[in-house]
Amino acid sequence: LPFAHAWRELLIRKPHWWDQHAFGWLLRQGVTGDGKGPGEGGPNGPGWHLRGDKSGLSDPHLFRCFSNHSLVCGTLPVVSFANGHVGLVQRLHAKLKVPLYFVHATHQYSATVGKRHRLREEGVWMDPPEYYAPPEGLLYSPLRLPDSVLHPIHPATGEPLFQIQRAFLNTTFNHSEHPALQAHFTLANLQMKHIRDGVAAAWALGRKLVLPPLACAYDRGPFPHVGKAPGALEQVLPIFPCPLDYVFELDRKKDSRAGSAPMLMDVAREYSLLNNTRMPRAVLDGALR
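Throughout, my numbering is defined as the position within the sequence shown, counted from one, plus 30.
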């Protein structure tokens with residue numbers, strides 16, 4: 031209860047602070063960091079890897095936190111209690127074959143629509159029965175990517191193009207002619223054209239389109255990076271499957287004019303739909319190939 035009161039009072043005093051940042055800042059009081067994260071002056075408090083008082087506690091992942099060490103805090107394994115990148119982009123639990131108990135749909139690129147779709151891709155979003163068995167039927171058009179597009183080679187050096195590119199950190203230089211970016215656009219455009227054709231066919235037939243899994247040459251971020259998100263040590267390039275919001279803006283509004291083409295999310299279903307345990311057996315058995 032004292033912590034809840036302190037959290038409320040802090041937000042009143044600091045209305046520009048985000049409530050989650052204020053929560054974390056309060057917990058970190060009296061706890062030392064490793065210096066790798068934001069400093070004391072910011073709302074995140076000390077560094078990310080915290081070293082608090084562990085005396086008398088039963089588990090090494092527990093430590094004392096908050097004012098006067100009046101609370102006991104603990105850390106959970108990120109692979110099973112994941113943020114959005116670890117759980118829904120890196121999909122580290124699948125690579126390491128450990129259960130995923132919790133995933134936080136953190137920042138992505140298509141607002142609430144994008145968060146919901148990422149959870150659908152992972153199979154953890156529950157929709158009504160008609161979502162899985164739309165009365166108008168489903169359409170699926172698999173996508174087979176040429177190896178030369180999925181794993182391009184630098185024409186001069188013979189090295190793979192889809193790997194860490196430290197040159198991208200230099201934001202004063204125009205990288206648009208870089209062979210790696212050219213290969214990225216080749217990959218993205220091929221997939222976008224395939225989905226465009228699929229949407230047109232589904233719209234004409236009055237069906238819902240089951241999207242193919244997409245590949246992304248590099249990670250996506252609102253900051254300069256080398257092709258992978260910071261700390262994503264297990265991330266393999268290209269990313270496959272990658273979230274739909276890495277390639278498309280899913281929260282775009284439909285054109286209100288009569289006869290206008292549908293938006294992607296009006297006709298699309300996630301690539302993992304047919305493997306979802308909620309899919310009716312009758313729908314799967316009735317597939318025509």
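Virtual Cβ for every residue (Gly too), placed ideally from N, Cα, C.
Query	Result
Note down the Cα distance separating M309 from L303, rounded to an integer number of angstroms.	7 Å
Going by other Cβ atoms of all chains shown within 10 Å of its Cβ, with 16 needed for buried, is K258 buried or exposed?	buried
Is the segment 204-218 in contact with the segment 237-251, if contact means three or more CB pairs nearer than 8 Å?	yes
Looking at C-alpha atoms only, which residue of L130, A317, L101, P254 is the closest neighbour of G54?	L101
Can Q120 and Q265 be called in contact, C-beta distance under 7 Å?	yes
Among N98, P260, Q221, R196, whose alpha-carbon lies nearest the alpha-carbon of A210?	R196
Measure the C-alpha to C-alpha separation of E207 and A262 and round it to an integer number of angstroms.	26 Å
Would you list, in sequence order, the uninterrupted beta strand (DSSP E) runs of no fewer than 3 residues that lie entirely inside the segment 265-302?	269-272
Tell me the rounded alpha-carbon separation between P254 and I269.	18 Å
What does DSSP give as the partner residue(s) for A112 in the beta ladder?	V133
CA-CA distance, Y139 and Y276?	7 Å
Specify the secondary structure class of K44 as computed by DSSP and reduced to three states.	coil
Anyone know if the C-beta pair for H99 and D83 falls short of 7 Å?	yes
Which residues share a DSSP beta bridge with K125?	Answer is none; K125 lacks a bridge partner.
Have a look at L169, N200, F93, P242 and flag the residue whose alpha-carbon is nearest the alpha-carbon of G316.	L169
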